[in-house]
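Okay, so here's the structure we're looking at.
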């Protein structure tokens, strides 16, 4: 474990100084510095751009209305994957409602042995929350031995559609488990054996990308960036649809750049992580990327602002508890956050005073905004969630300082709370519209299955990719070590077990997205999207901590470089 020796005030401000040994995580500095503060007002959205987008939207709405059933399915799929479906929500809902009604009739919506469109219909209906039975849809594609027909292996687009549909499986859907195994095997085989280059370059890219990031588990905005390239290479692409997708992508990028500029100014001028918290991860652009995964639509500007600031503050808090603060300091900070009073400031070490003041000031600003909107009731949930977050961080830090190795039964309940996926769903509701009722916040506090599933995905994916480095610098045992000890298995076996648990958690999430839902779909989407962010940032490495990796490219794609028209 690396040790950093520093001189700090001993517990209270103004007391005697002492030499304190601290673990040093050695996080790299910000990749972006003040880049996003320097927002260029010349890149603001013009009225003409907005008018052109609206004209193209009207054209696509007419196409949706005039298309036959297969044309409607294809257009819905394209608009969703190009990231512009939010402009056609009403039309898409009405069309899919009719498809669902037809699927209840044995002779309707039957596309024979056309796997691409059959699986597409299934996926679109599942995305909309309809409990369409998988066996009813896919049994006809099996042979006399009860296995998927080998004839399907020649249809790469059909296999790709089946693969994407299989990611919506819930517990007990064995046919979709078989579909996943079958489609992955034959898609990989198609790529490996395409010696004569019969597959188009665009399709090859699309398949490779899908096997890494399925539609269901991908971030809408980033998936749109990828799919615009794939779609442009398709000779049959719709020029109007492609132009709309590009224009709208760049339109949203300008809005997001302006938002990130304002948030970056708050981060640098008020928080100043580089100066005040040099031990912590300086990741404001990455925090904003996280929030774009949760919601990207213009209507959620306030929600993004609030959530980005909360996760940025929580990130400093995480590193303070996890990688810097002494046990005595952390007790003082936890007590101060529980007290929630500026009078507690003088009891804290100097570096914690800066954090504590900005925490309370920022939350006070949230409170004032909510009061103006007549939504003051939300503030208590915001405040209580960050207080709870500090308490669970402190308990985990206490285990580390006491060299306590928890049993798996001790570890998991606490570890699920320290993910932040109790804090973030509540925080994601705070800046939303009227759909985020007081009942919705109370529902979150009941720890419903979808929240528990999101926490499991977050905790286990984080532990799988982070545990070795954390153990090197000094950290409480992770799920990898706890499961290995509990079950008497190797770390490799423990990791395999955890991946199975992650898949089961995704099935829980999928189940909770089906009707009848406990709360409105826009609220459930925040939780699903938070889970999707984990899939992006923690699938095979910690891309938040190590932001100089592909994360830099993600930020550049969504927040720096416009798509050429």
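Numbering (full-length UniProt numbering), first residue to last: 1 to 565.
Positions of the beta carbon are idealized from the N, C-alpha and C atoms, including for glycine.
A quick note: this is a predicted structure, and the numbers were derived from the prediction, not measured.
Close-in-space but distant-in-sequence residues of the same chain around residue i (CB under 7 Å, 5 per side omitted)
i	result
residue 552	31
residue 202	230, 233, 234
residue 381	426, 441
residue 523	429, 435, 436, 440
residue 438	377
residue 84	244, 245, 248
residue 218	532
residue 72	64, 95
residue 354	276
residue 564	none
residue 534	457, 458, 461
Beta carbon of residue i nearer than 8 Å to that of residue j
i	j	result
residue 558	residue 187	no
residue 176	residue 183	no
residue 261	residue 554	no
residue 465	residue 542	yes
residue 67	residue 75	yes
residue 340	residue 309	no
residue 96	residue 125	yes
residue 78	residue 241	yes
residue 162	residue 115	yes
residue 356	residue 526	no
residue 204	residue 191	yes
residue 545	residue 281	yes
residue 463	residue 480	yes
residue 507	residue 171	yes
residue 224	residue 164	no
residue 333	residue 431	no
residue 153	residue 137	no
residue 293	residue 529	yes
Cβ shell of residue i (< 6 Å), same chain only, five flanking positions each side left out
i	result
residue 444	425, 426
residue 520	435
residue 386	none
residue 134	173, 175, 176
residue 514	129, 131
residue 107	Caution is warranted here: a pLDDT of 48 is assigned to residue 107, below 50, making its placement in the model unreliable, and no coordinate value can be reported.
residue 206	230
Span of the alpha helix (DSSP H) around residue i
i	result
residue 339	327 to 339
residue 565	Residue 565 -> no alpha helix (DSSP H), and no H or E assigned at all.
residue 524	521 to 538
residue 158	156 to 166
residue 394	377 to 401
residue 134	134 to 138
residue 181	174 to 192
residue 353	350 to 372
residue 427	423 to 430
residue 412	408 to 418
residue 66	47 to 66
residue 554	550 to 559
Residue from the options whose Cα sits closest to the Cα of residue i
i	options	result
residue 100	360, 438, 130, 63	130
residue 24	323, 411, 532	323
residue 496	111, 511, 228, 460	460
residue 283	39, 418, 113, 28	28
residue 264	389, 81, 123, 286	286
residue 352	414, 153, 279	279
residue 417	399, 392, 405	392
residue 455	484, 423, 485	423
residue 628	88, 73, 156, 457	Coverage of the chain is limited to positions 1 through 565, which leaves residue 628 absent and any answer about it impossible.
residue 189	509, 128, 155, 219	155
residue 532	518, 517, 509	509
residue 485	317, 275, 410, 312	410
residue 252	478, 86, 173	86
residue 420	452, 61, 432, 446	452
residue 98	80, 112, 119, 128	128
residue 540	331, 150, 481, 212	212
residue 482	488, 408, 515	408
residue 329	228, 314, 346	346
residue 446	494, 518, 113, 538	518
residue 359	267, 313, 375, 141	313
Sequence-distant residues of the same chain with beta carbon closer than 8 Å to residue i, five excluded per side
i	result
residue 556	none
What are the complete alpha helix (DSSP H) segments, minimum 4 residues, inside the stretch 436 to 516? 438 to 445, 449 to 473, 479 to 487, 491 to 512
In chain order, which continuous runs of the alpha helix (DSSP H) of length 4 or greater are located wholly inside the stretch 198 to 222? 201 to 212
Segments of 4+ residues assigned as alpha helix (DSSP H) that fall wholly inside the stretch 84 to 121: 89 to 103
May I have a chain-ordered list of the alpha helix (DSSP H) segments no shorter than 4 residues that lie completely inside the stretch 263 to 317? 273 to 276, 284 to 294
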